[in-house]
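Numbering (my numbering), first residue to last: -4 to 139.
A short write-up of the structure that comes next.
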């Protein structure tokens, strides 16, 4: 990280490592119970970090031992946002993502609120569509 030529590149590398560590800790279900310095990510220095890139070249060593069962998928949403997922290399054949084609790549992207609500429905309807509850909320005293 420190040898990067610009502050922007230092931050990009920092967040990339951060996302990779988060991804593997979530995939293993361990959380932050170990010393994170045990995890050594090997990234391909020829990889370019630009919007739309999808990388799978990163590998992991734990206590200096290669971990071949994990696959990392990294997406660069834009110049300031990277996302990483970690999964086992051998997916069950029933998995939708089974196979290695470009069609199975799941890119991260920015979405708007309407996209999030598309296809949603109200699970617990409130009387008057919640207008009374909302007005009551607005009347409550606010903390300074």
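Backbone N, C-alpha and C define an ideal beta-carbon position, used for all residues, glycine too.
- prompt: If you drop the 5 nearest sequence neighbours on each side, which residues of the same chain put their C-beta closer than 6 Å to that of residue 44?
  reply: 7, 71
- prompt: How about the region 47 to 55 and the region 20 to 33: do they share at least three Cβ pairs that are nearer than 8 Å?
  reply: no
message: Suppose you measure from the CA of residue 57 to the CA of residue 35; what does that come to, to the nearest Å?
response: 6 Å
message: Could you give the first and the last residue of the continuous beta strand (DSSP E) run that contains residue 121?
response: No beta strand (DSSP E) holds residue 121; DSSP gives it neither H nor E.
message: Taking the beta carbon of residue 182 as the centre, do at least 16 other beta carbons fall within 10 Å, making it buried, or is it exposed?
response: The requested residue 182 is not part of the displayed model; the chain covers only -4 to 139.
message: Let me make sure I understand the geometry here. Which of 39, 37, 38, 16 has the alpha-carbon closest to that of residue 28?
response: Out of 39, 37, 38, 16, 16 has the C-alpha closest to the C-alpha of residue 28.
query: At what residue ranges does the region 39 to 76 contain a whole run of the beta strand (DSSP E), taking only runs of 3 or more?
result: 54 to 57, 65 to 73
- prompt: Could you give the distance in angstroms between the alpha-carbon of residue 5 and the alpha-carbon of residue 139?
  reply: Near 39 Å, if we compare the C-alpha coordinates of residue 139 and residue 5.
query: Among 132, 13, 120, 110, which one has its Cα closest to the Cα of residue 142?
result: Absent from the model: residue 142. The displayed extent of the chain is -4 to 139, so no value can be given.
- prompt: Is residue 29 helix, strand or coil when you go by DSSP?
  reply: coil
query: Where do the ends of the beta strand (DSSP E) carrying residue 37 lie?
result: Here the beta strand (DSSP E) through residue 37 covers 34 to 37.
- prompt: In three-state DSSP terms, what is residue -3?
  reply: coil
task: Please report how far the alpha carbon of residue 33 lies from the alpha carbon of residue 59, in whole angstroms.
output: 8 Å
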